[in-house]
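S.K.: For what it's worth, the working numbering labels the leading residue of the sequence shown as 4, then goes sequentially. Cβ atoms here follow ideal geometry from the backbone N, Cα and C, with glycine treated the same way.
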Amino acid sequence: MNQPIKYRHELKFFVNFHQYYTIRQRLKNLMQPDEHVSPTGEYHIRSLYFDDIGNTALTEKLGGIRQRKKYRIRMYNLDDKVIHFEKKIKNGEYIAKIKELLTREMADNILACDFHELNIPSKPFLMELHNEMTHRLLRPKVIVDYVREPYTHSNGNVRITFDKDLKSGLHRTDLFSRDLSMVRALSENQIILEVKFDEYLPSPIRTALQLEGLQHQSASKYVICRKFIKLNAWEDQ
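#1: Along the chain, where does the alpha helix (DSSP H) that runs through Ile163 open and close?
#2: Quick one: is Arg139 buried, meaning 16 or more other Cβ sit within 10 Å of its Cβ, or exposed?
#3: What does the alpha-carbon distance come out to for the pair Asp111 and Glu215?
#4: Near Asp83, what residues of its chain come up, given a Cβ to Cβ distance below 7 Å and the 5 sequence neighbours on each side ignored?
#5: When DSSP builds the beta bridges, which residues end up paired with Arg71?
#6: Helix, strand or coil: which one does DSSP assign to His39?
#7: In this structure, how does DSSP classify Arg258 when only helix, strand and coil are distinguished?
#8: Mapping the DSSP letters down to three states, classify His12 as helix, strand or coil.
#9: Taking the alpha-carbon positions, what's the Gly159 to Ile194 distance?
#10: So what's Glu131 in DSSP terms, helix, strand or just coil?
#11: So, helix, strand or coil for Pro153, using DSSP?
#12: Nearest chain C C-beta to Leu33 closer than 8 Å, yes or no?
#13: Going by the beta-carbon positions, is the gap between Ile76 and Leu169 smaller than 8 Å?
#14: Starting from the Cα of Thr137, find the closest Cα among Asp54, Ile8, Lys31, Ala222 and give me that residue.
What follows is the structure, given as structure tokens:
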């Protein structure tokens, strides 16, 4: 059975540290920290992004195509007990996500270009991945690594995150390494603010964000980090 697709609004902005501290202080009076955060109020995210032989995800984003998709493997706090393969679907300022749980063994096999475990007819998304990897040569391109500070609000199903310390991994097969060689992808004073919600953004939260005064962020983390990786690497695998 195909997973239902539910679209949400997604807005992205660059903020500096002064803006971050100001907005965060306002939001703390309106929203709750995400339930999965550590005592510091944050958690670590590492994603391995994939693209096909034509670099479709990259070129469509750079070309301003409004309807596009990206594939990635994602894990949290460098813990391999919960690993997801995700498909992020973008339609203008609306997003949707489809995902399937992977075992560590499945992830390792995918990194070794062994896709047989994805050939499961009862799981359409895994079958889609199998077809993409077999016929369109979907392959790992870049590791994207950052620290996220998330806040939530039930009205409007609002989720606001501050993504800090964005880095790009230089070796794409070392997804689970705690000693991965990394390159900073943004300056220390740049933080990515993401605002996600369903039908509406409550007025007090919108007022607290003062979005009209922020720098709209059009480039994705994937695109930002790809500039550190040779464009044509892995194309012959």
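M.R.: Reading from the atomic positions:
#1: Counting along the chain, Ile163 falls outside any alpha helix (DSSP H), though it belongs to the beta strand (DSSP E) covering 161-172.
#2: exposed
#3: 44 Å
#4: Arg107, Phe179
#5: Lys93
#6: coil
#7: Since the first residue of the chain shown is 4 and the last is 240, residue 258 is not available in this structure.
#8: strand
#9: 24 Å
#10: helix
#11: strand
#12: The structure shown contains no chain C, having only a single protein chain.
#13: no
#14: Asp54
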